[in-house]
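Let me begin by presenting the structure, written as structure tokens, before commenting on it.
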Amino acid sequence: MFKDQEAPEEHHDTQALLAVLDAADRLPSAGLLRARSYELLSLVPASTVVDVGCGAGRAVAELAGRGVHAVGVDPDPRMLAAARERWPAGEFREAGAEELPFADGSVRGYRAERVFHVLQEPGRAVTEARRVLCPGGRIVLVGQDWDAIMVDSDDATLTRTIVHARADLLGTPRAGRQYRALLLDGGFDDVTVEAHTSVFTDPAMLSLLTRLAEAACANGAVDRDRTDEWLAEQRRRAETGRFLIAIPFFVAAASA
286 MFKDQEAPEE HHDTQALLAV LDAADRLPSA GLLRARSYEL LSLVPASTVV
336 DVGCGAGRAV AELAGRGVHA VGVDPDPRML AAARERWPAG EFREAGAEEL
386 PFADGSVRGY RAERVFHVLQ EPGRAVTEAR RVLCPGGRIV LVGQDWDAIM
436 VDSDDATLTR TIVHARADLL GTPRAGRQYR ALLLDGGFDD VTVEAHTSVF
486 TDPAMLSLLT RLAEAACANG AVDRDRTDEW LAEQRRRAET GRFLIAIPFF
536 VAAASA
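With the first letter of the sequence shown counted as 1, position 195 gets the number 480 in our numbering; the numbers rise by one all the way through.
Quick look at the structure:
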């Protein structure tokens, strides 16, 4: 039984978010992006690698399968509950990116995917990553640029309004393009940056556009009628095989 009136809504929202993340993570392009992030970590067998903002824990399980001691960290207990249910052999801890539960220099690898855009002060997270990494340890940041999401639509102006309005609700929506500067400012060496664009045509990703549009509507950037019209168009596109979203992802890596 839920203990309060907010719990059912929170549970529903968590399940909806998990559905969006699962749909995206199952795509081949997402698997290739995760594999690239593991490659850039230069994994050392049996060393400790932390996945910050681990969500439902997929990367933790995949990293453990590559022979390292992977630890997932996330501030959301509901996400951690899902991770522990899905990956019972995994290690998961509740903490935010700005205050990690590790001693100085105790971690060989640090990975954060789709995390920094929700932070108000991503520089603090970079400082914390530098603290827990050992000399020569590797950091890899992966994330989309929320201000540059591309959606095929008959109304380009309305689409831009919705995308930018949703981005403005985030802590640091353009964090991806800022990774290089953040890592350099944080004292990291050998900083590299790559850009990968993921294209989604699966109708399952309609839920992502619904979240974008509803957030823009709730914020007052778009009225209810225009929101409904835009979503109706996207549903028609999905039904006729004309649905497309393209999202640029930045992958930055560096050494401590």
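All C-beta atoms, glycine included, are put in the ideal place defined by N, C-alpha and C. The model shown is predicted, which means the values in this text are computed figures rather than measured ones.
Query, Result
"Can you give me the C-alpha to C-alpha distance between GLU376 and VAL356, rounded to a whole angstrom?", "5 Å"
"Buried or exposed for LEU469, going by 16 or more other Cβ atoms inside 10 Å?", "exposed"
"Can you check the stretch 371-453 for any beta strand (DSSP E) of at least 3 residues that lies completely inside it and give the ranges in chain order?", "376-379, 392-398 and 418-429"
"What residue range is occupied by the uninterrupted beta strand (DSSP E) comprising GLY357?", "354-359"
"Leaving out five residues on either side along the sequence, give the residues of the same chain with a beta carbon under 6 Å from the beta carbon of ARG409.", "GLU383"
"Candidates GLY394, ALA433 and ARG399: which alpha carbon is nearest ALA414's?", "GLY394"
"Using C-beta distances below 6 Å, list every residue in its chain close to LEU529, excluding the 5 sequence neighbours before and after it, in chain order.", "ASP437 and THR486"
"Assuming PRO533 is part of the alpha helix (DSSP H), what are its boundary residues?", "Element bounds for PRO533: not the alpha helix (DSSP H) but the beta strand (DSSP E), 530-540."
"Between VAL392 and GLY422, how many whole angstroms is the CB-CB distance? I'm expecting something under 8 Å.", "6 Å"
"By DSSP, does THR525 sit in helix, in strand, or in coil?", "coil"
"Beta strand (DSSP E) containing ALA480: first to last residue?", "474-485"
"Looking only at its own chain, which residues have a Cβ that is under 7 Å from the Cβ of PRO360, when we skip the five neighbours before and after it?", "GLU379, ALA380 and GLY381"
"Identify, in the order they occur along the chain, each residue of the same chain with its Cβ nearer than 7 Å to the Cβ of LEU303, setting aside the five sequence neighbours on each side.", "ALA341 and ALA367"
"Between which two residues does the alpha helix (DSSP H) holding VAL337 run?", "VAL337 -> not in any alpha helix (DSSP H); beta strand (DSSP E) instead, spanning 333-337."
"Within the continuous alpha helix (DSSP H) that includes LEU469, where are the two ends?", "460-470"
"For ALA397 versus VAL337, is the C-beta distance shorter than 8 Å?", "yes"
"Please classify VAL329: does DSSP put it in a helix, a strand, or coil?", "coil"
"When the distance is taken between beta carbons, is SER322 closer than 8 Å to VAL536?", "yes"
"Count the other CB atoms within 10 Å of the CB of GLN300; is the residue buried (16 or more) or exposed (fewer)?", "exposed"
"Kindly indicate the opening and closing residues of the alpha helix (DSSP H) around LEU493.", "491-503"
"Go through its chain and collect everything with a Cβ distance to PRO362's Cβ below 7 Å, but skip five positions before and after it.", "GLU379"
"Use the C-beta contact count for ARG311: other C-beta atoms within 10 angstroms, 16 or more gives buried, fewer gives exposed.", "exposed"
"Once DSSP output is grouped into helix, strand and coil, what is the label at ASP513?", "helix"
"How many whole angstroms separate the CB atoms of PHE401 and LEU365, which I take to be in contact at a CB cut-off of 8 Å?", "Contact flag wrong, Cβ pair sits at about 19 Å."
"Taking ALA388 as the reference, which of ASP440, VAL335, ASP510 and ARG522 has the closest Cα?", "VAL335"
"According to the Cβ coordinates, are LEU497 and ILE447 closer than 8 Å?", "yes"
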